[in-house]
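Down below is the structure, laid out as structure tokens.
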Amino acid sequence: METAASRQIGPGQHKYLTFQLAGEIFGIDIRMIREIIGIMEITPVPDSDASIRGVINLRGKIIPVVDLRLKFGVEAAPFTERTCIVVVDLPDQTGLRQVGTIVDAVSEVSQIPSSDIEPPPEIGSGSVSEQIVGMAKLKEKVVILLDIGNILGG
9 METAASRQIG PGQHKYLTFQ LAGEIFGIDI RMIREIIGIM EITPVPDSDA SIRGVINLRG
69 KIIPVVDLRL KFGVEAAPFT ERTCIVVVDL PDQTGLRQVG TIVDAVSEVS QIPSSDIEPP
129 PEIGSGSVSE QIVGMAKLKE KVVILLDIGN ILGG
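Heads up: take any position in the sequence shown, counting from 1, add 8, and you land on our numbering.
As structure tokens, then:
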């Protein structure tokens, strides 16, 4: 039986960058990742959404930065030496745009077989299933696989 997760995930092995956020483990398809950088100076943007911390100048390119804690409705936390910005490539009408996402700590790149990925849970409104590609079992833990394009409005 085909599920939403199997349509998006497909058969075989898939690589995800796993990271920690508020004590949970999340994953983003490695093909969406541009780079991982340490926290740097973020310039606030007036009248922006509360989850948008501002913009950074990354090698001459201005990139918006979203705090995933705030985007998910979790209380902000002070930055630590493990806090970093994961820069993702999001498709748009002109090609790809880059967006930085603040995470508590990057864990590793994990190869996850499709057989270890289940569809997102059916919870209420359905917005959860638009933001989650699936739930993976990895080393006795549950990894929430995100659709970062939908989360960031791509």
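Ideal placement from N, C-alpha and C gives every residue a C-beta, glycine not left out. These numbers come from a predicted model, not from an experiment.
Reduced DSSP secondary structure (H/G/I, E/B, other) of residue i
| i | result |
| --- | --- |
| L163 | Within the shown structure, residues of the chain are numbered from 9 to 162, placing residue 163 beyond reach of any answer. |
| R39 | helix |
| K79 | helix |
| S115 | strand |
Cα-Cα separation, residue i to residue j
| i | j | result |
| --- | --- | --- |
| F27 | A84 | 16 Å |
| V94 | T102 | 22 Å |
| P100 | N158 | Reading the sequence as shown, one finds Asp at residue 100 and not Pro. If I take the Cα positions, the gap works out to 12 Å. |
| P72 | K23 | 25 Å |
Close-in-space but distant-in-sequence residues of the same chain around residue i (CB under 8 Å, 5 per side omitted)
| i | result |
| --- | --- |
| K69 | Q106 |
| V150 | I33, M143 and A144 |
Residues near residue i by beta carbon distance below 6 Å, same chain, minus five either side
| i | result |
| --- | --- |
| V82 | A30 |
| P52 | G62 |
| M9 | Residue confidence for M9 is low, a pLDDT of 29 falling below 50, so the modelled location carries little weight; the figure read from the coordinates is stated next. Nothing listed; no residue qualifies. |
| S14 | Here the model assigns S14 a pLDDT of 37, short of 50, so the residue's position is not dependable, and the following value carries that caveat. For S14, where only same-chain residues beyond five positions count, there are no Cβ hits under 6 Å. |
Extent of the continuous alpha helix (DSSP H) to which residue i belongs
| i | result |
| --- | --- |
| R67 | Note, R67: premise wrong, no alpha helix (DSSP H); not H, not E. |
Cutoff 7 Å; reference residue i; Cβ partners in own chain excluding five residues on either side
| i | result |
| --- | --- |
| P121 | Q21 |
| A58 | L78 |
| E116 | T26 |
Near the ligand ZN: residue i beta-carbon under 7 Å from a heavy atom
| i | result |
| --- | --- |
| H22 | Looking at this structure, you won't find the ligand ZN or any other ligand, since it has none at all. |
**Request:** Enumerate, from N- to C-terminal direction, the unbroken beta strand (DSSP E) stretches of 3 or more residues contained entirely within the stretch 88 to 112.
**Result:** Listed in chain order, the complete beta strand (DSSP E) runs (minimum 3 residues) inside the stretch 88 to 112 are 92 to 100 and 103 to 111.
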